[in-house]
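Comments concern the structure below.
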Amino acid sequence: MSRIKILPDAYEIKPLSDIYLPELLKLQENAFLNLENEELLRRNSDTTLRDCLVNHYTLGVIYKGILIAFGILYFGKLTNENIGYDLDLNIDEIIKTANIKLIIVHSAYRGNGLQRRLIGELEKEAIKRGFNTLACTIAPGNFYSIRNFEACGFKFYKQKQKYNGLIRNIYLKKI
Ligand SMILES: CC(C)(COP(=O)(O)OP(=O)(O)OC[C@H]1O[C@@H](n2cnc3c(N)ncnc32)[C@H](O)[C@@H]1OP(=O)(O)O)[C@@H](O)C(=O)NCCC(=O)NCCS
168 MSRIKILPDA YEIKPLSDIY LPELLKLQEN AFLNLENEEL LRRNSDTTLR
218 DCLVNHYTLG VIYKGILIAF GILYFGKLTN ENIGYDLDLN IDEIIKTANI
268 KLIIVHSAYR GNGLQRRLIG ELEKEAIKRG FNTLACTIAP GNFYSIRNFE
318 ACGFKFYKQK QKYNGLIRNI YLKKI
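So for the sequence shown, this note's numbering puts the first residue at 168; every next one is plus one.
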């Protein structure tokens, strides 16, 4: 698919409410259509994505009125969704850990640095909310995502079996 170049001031980034659920699901399907290997990504149910929109913090990138990318900052608290447990942190530190759960850029708009921009904006929000650690999991073969998280200051911590046995790299950043 041909890539569309967009100028940095031609798009808007804003927090999304649950009216965007159908758009998130469409972007997720677009990501799976363009995936070399299904193990690179975990498919989220509509219930999970709605929960992210309502109870967590989801930023969208809007270009010409269309949602072309989104990123989710997830507050796992003391549930096993909190990647702080994989970082071997103590309870006080786990509570101050937020996850960057998922970032998807529509295949036609890749190459505009939108993942890095979203990581930066989600980090600002996490700082505002008093978190001091950001964590994420990335499939070892997801080179584009690994490159972007590392460029944003994330460090590899360890590799682990997660999500029904899928291998994931665990990354963290102190903020
Ligand atoms: C990972 C992802 C968000 C990166 O998108 P992005 O921010 O637009 O990527 P970048 O701007 O860093 O792109 C840099 C280059 O890599 C290319 N690229 C990025 N992702 C690519 C992919 N999945 N497949 C092939 N090429 C890709 C871009 O076209 C660009 O090429 P160019 O330099 O020739 O223009 C995007 O590939 C994606 O949505 N993947 C599916 C979902 C996913 O894996 N999310 C991460 C897990 S949290």
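Heads up, the beta-carbon is just placed ideally off N, CA and C, and yes, glycines get one too.
Contact test: residue i Cβ vs ligand 2 heavy atom, cutoff 7 Å
i    : result
V272 : Among the ligands present in this structure, namely ligand 1, ligand 2 is not found.
CB contact flag (residue i, residue j, <8 Å)
i    : j    : result
N315 : R277 : no
E290 : I235 : no
L301 : L339 : yes
L226 : G238 : yes
L245 : I267 : no
A198 : I271 : yes
K181 : N279 : no
Residue i - containing beta strand (DSSP E), residue span
i    : result
P182 : 178 to 182
I267 : 264 to 272
K231 : Neither: K231 is in no beta strand (DSSP E) and is coded neither H nor E.
F323 : 322 to 329
DSSP three-state assignment for residue i, whether helix, strand or coil
i    : result
A306 : coil
K193 : helix
G287 : helix
I173 : coil
N204 : coil
R335 : strand
I239 : strand
I313 : helix
F298 : coil
L254 : helix
Closer than 8 Å to chain B by CB, residue i
i    : result
F321 : Checking the listed chains, one finds no chain B in this structure; it contains a single protein chain.
N- and C-terminal bounds of the alpha helix (DSSP H) containing residue i
i    : result
T246 : Segment: none, T246 is in no alpha helix (DSSP H) and carries neither H nor E.
N114 : The structure shown has nothing for residue 114, since the chain only spans 168 to 342.
I342 : Per DSSP, I342 belongs to no alpha helix (DSSP H) and is neither H nor E.
Expected contact under 8 Å - CB spacing of residue i and residue j to nearest Å
i    : j    : result
E206 : A293 : At roughly 28 Å, the Cβ-Cβ gap does not stay under 8 Å, so E206 and A293 are not in contact.
H223 : F242 : 6 Å
L188 : D218 : 10 Å between Cβ atoms; not a contact.
The segment 241 to 257 contacting the segment 319 to 339, beta-carbon criterion three pairs below 8 Å: At 8 Å Cβ cutoff, the stretches touch.
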